[in-house]
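Okay, so here's the structure we're looking at.
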Amino acid sequence: MKTATWMGVLALLLATSAITQAQDEDWGKKFPNYELLGERKVDFGADKDTIEVTGKEGRFVSLMIGVMDGNLEMYDIKITFGNDDTHSPELRHTFKQGERSRQIDLPGEARVIKTVEFKYKSKLKRGKATVKLFGKPAGTDDNPGPDKGDWKEHLPKSHEGYHLLGSREVNFGADKDTIEVTASEGRFTAIVLGVVEGDLEMWNIKVAFGNGEDFSPELRANFDSKSRSRVIDLPGGNRVIKKVTFFYKSKFSEGRATVKLHGRPADVDERYVGFKHIGSRDVDLAKDTDVLTVGASKGSFTGFMIEVENADLEMKEITITMGTGKQHEPKTRFEFNEDSRSRVIDFPGKEGRTIERIVFKYSTDGRKDGKAKVNVYGRE
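Position in the sequence shown (first residue = 1) + 22 = the numbering used here.
Structure below.
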């Protein structure tokens with residue numbers, strides 16, 4: 023009798039092991055770019071536990087959590103990075119056996135992960151479940167950086183200057199989610215939301231800025247796969263975005279879609295697609311010469327154009343000093359009406375050039391008081 027009992031226990035253990043191995047293989051097929059960083063067997067009688075990430079060198083851009091051998095509700099996690107910074111994403115998920123969380127994007131650049139602490143509860147007071155932690159290493163193909171990726175699939179050509187600020191895989195069974203952004207991404211003047219891999223209706227969003235202010239634009243949009251919202255201009259000029267929370271629903275009770283957030287950097291002007299605003303200068307109409315300092319950090323350009331605001335101006339001479347120290351003096355003379363721009367002025371050669379400064383000499387039609395604003399755009 024005792025032998026039969028032990029044989030039954032052994033059979034149960036082998037069956038459980040086979041199920042676990044099959045589940046691990048299934049997760050590996052669905053998410054081939056994720057690595058298992060660690061796991062923890064948790065006791066239903068407790069409410070908090072920690073997975074220490076050891077023996078895993080490298081940096082990661084997102085995490086995913088899976089639960090085996092039991093059901094539990096996870097309502098809070100805290101990620102500690104290698105530099106001891108912490109991050110607590112908004113996560114509350116009820117796991118059934120074999121389920122995994124949404125993708126949890128990490129703020130900033132790729133991060134070294136030290137520990138992940140999670141709080142949980144179960145309807146059962148006895149028993150155990152296994153929590154598994156997966157990480158996506160930096161540089162995997164399906165993790166585009168802020169300047170590249172599949173965002174071009176559903177943004178028109180006029181939005182070439184937009185950056186991908188983050189994405190979130192959403193569960194049709196939920197109704198709210200958040201994409202977190204960091205100040206290191208820069209300042210932005212507008213955002214666009216796109217949806218891929220599913221259909222959903224978004225009925226509200228809330229943008230949280232770096233200074234603690236919130237903005238809730240009027241937005242209600244039905245997204246098909248690979249569709250996008252209208253351009254949402256941000257109030258008050260360029261802003262640091264902390265996070266964007268969106269409220270949504272779907273016709274389906276099961277399934278997932280991916281929401282992508284794109285931002286228009288403060289130095290991108292949609293009027294001049296393919297050009298970058300590299301500097302402005304308020305010129306005194308009582309003078310005849312002024313200098314715009316650009317600096318090599320602005321990038322490399324194959325040409326430029328000039329825009330004049332607030333006054334009429336005749337540009338007699340332009341001298342561009344390149345990053346190499348060489349100078350270029352285009353043989354041209356421009357007469358600007360108020361709020362007009364020049365043609366594109368090409369640099370010699372086909373390679374891009376960095377610009378250190380631009381000196382321009384000008385005159386006005388007898389006007390000696392006031393100022394005009396000169397904007398310069400470089401062709402990338």
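Don't be surprised by glycine CBs; every beta carbon is placed ideally from N, CA and C.
This structure is a prediction, so every number in the text was calculated from the model and none was measured.
| Query | Result |
| --- | --- |
| Would you list the one or two residues that DSSP bridges to Ser21? | There is no way to answer for residue 21, as the model of the chain reaches only from 23 to 402. |
| Decide if Arg375 is buried, meaning its Cβ has at least 16 other Cβ atoms within 10 Å, or exposed. | buried |
| For the segment 110-123 against the segment 84-98, do three or more pairs of beta-carbon atoms, one drawn from each stretch, fall closer than 8 Å, so that the two count as touching? | yes |
| According to DSSP, Thr200 sits in a beta bridge with which residue or residues? | Thr267 |
| Can you name, in chain order, every residue of its own chain whose Cβ lies under 6 Å from the Cβ of Thr116, other than the five neighbours on each side? | Glu95 |
| Which of the three DSSP states, helix, strand or coil, is assigned to Lys141? | strand |
| Quick one: any contact between the segment 377-386 and the segment 278-286, if contact means 3 or more CB pairs under 8 Å? | no |
| Alpha carbon to alpha carbon, what distance is there between Phe237 and Trp173? | Confidence in Trp173 is poor, its pLDDT being 43 and thus under 50, which makes the residue's placement unreliable; the coordinate value appears in the next sentence. Roughly 24 Å between the two C-alpha positions. |
| Give the secondary structure of Lys100 by DSSP, where H, G and I count as helix, E and B as strand, and everything else as coil. | strand |
| Assuming Thr133 and Phe82 form a contact by the criterion Cβ under 8 Å, report the distance between their Cβ atoms to the nearest whole angstrom. | With the sequence shown as reference, residue 133 is identified as Arg, and Thr is not the correct amino acid for it. Arg133 to Phe82, Cβ: 6 Å. Contact. |
| Should Tyr399 be labelled buried (16 or more other beta-carbon atoms within 10 Å of its own) or exposed? | buried |
| Please list the terminal residues of the continuous beta strand (DSSP E) segment that includes Gly325. | Gly325 to Glu331 |
| Distance, Cα to Cα, Thr137 vs Met224? | 34 Å |
| Classify Lys348 as helix, strand or coil using the three-state DSSP reduction. | coil |
| Quick one: measure Cβ to Cβ for Ser249 and Phe194, integer angstroms, because I've assumed they're closer than 8 Å. | Ser249 to Phe194, Cβ: 16 Å. No contact. |
| Could you compute how far the alpha carbon of Pro159 sits from the alpha carbon of Glu57? | 8 Å |
| I believe Ile254 touches Ala212 by the beta-carbon criterion, under 8 Å. Please report the beta-carbon distance rounded to the nearest angstrom. | 6 Å |
| Considering only residues of the same chain and omitting the five flanking positions on each side of Gly171, which have a CB-CB separation below 7 Å? | Unreliable placement is indicated for Gly171, whose pLDDT of 39 sits below 50; no coordinate value is reported for it. |
| Do Glu404 and Thr152 have their C-beta atoms within less than 7 Å of each other? | Any answer about residue 404 is impossible in this case: the structure gives the chain only from 23 up to 402. |
| Between Leu215, Lys143 and Lys395, which lies nearest to Phe358 when the distance is taken from Cα to Cα? | Lys395 |
| Taking the Cβ atom as the reference point for each residue, do Phe369 and Gly301 lie within a distance shorter than 7 Å? | no |
| Over the uninterrupted beta strand (DSSP E) stretch that includes Gly92, give me the two end residues. | Premise fails: Gly92 is in no beta strand (DSSP E) and is neither H nor E. |
| Hey, how far is the Cα of Asp169 from the Cα of Ser251? | Residue placement at Asp169 cannot be trusted, given a pLDDT of 35 that sits under 50; the coordinates are not used to answer. |
| Go ahead and label Asp106 buried or exposed: buried means 16 or more other beta carbons lie within 10 angstroms of its beta carbon, across all protein chains shown. | exposed |
| Can you have a look at Gly371 and say buried or exposed, based on whether 16 or more other CB atoms are within 10 angstroms of its CB? | exposed |
| Could you tell me the alpha carbon to alpha carbon distance between Val316 and Ile377, rounded to whole angstroms? | 6 Å |
| Just the Cα atoms here: how many angstroms apart are Leu314 and Ser385? | 17 Å |
| Go through its chain and collect everything with a Cβ distance to Val366's Cβ below 7 Å, but skip five positions before and after it. | Gly325, Met327 and Arg401 |
| Which of the three DSSP states is assigned to Lys320 in this structure? | helix |
| Take Arg363 and list the residues in its own chain whose beta-carbon comes closer than 7 Å to its own, dropping the five residues that flank it on each side. | Met327, Ile328 and Glu329 |
| Can you give me the start and stop residues for the beta strand (DSSP E) that Ala394 sits inside? | Lys393 to Arg401 |
| In this structure, how does DSSP classify Val75 when only helix, strand and coil are distinguished? | coil |
| Name the residue from Gly234, Asp310, Ala243 and Asp69 whose alpha carbon lies nearest to the alpha carbon of Val404. | The question about residue 404 has no answer here: the residues shown for the chain are numbered 23 through 402. |
| Taking C-alpha atoms, which residue in Lys145, Ile342, Pro129 and Pro257 lies nearest to Lys264? | Pro129 |
| Quick one: grab the DSSP three-state call for Val253. | coil |
| Grouping DSSP H, G and I as helix and E and B as strand, with all else coil, what is Pro287? | strand |
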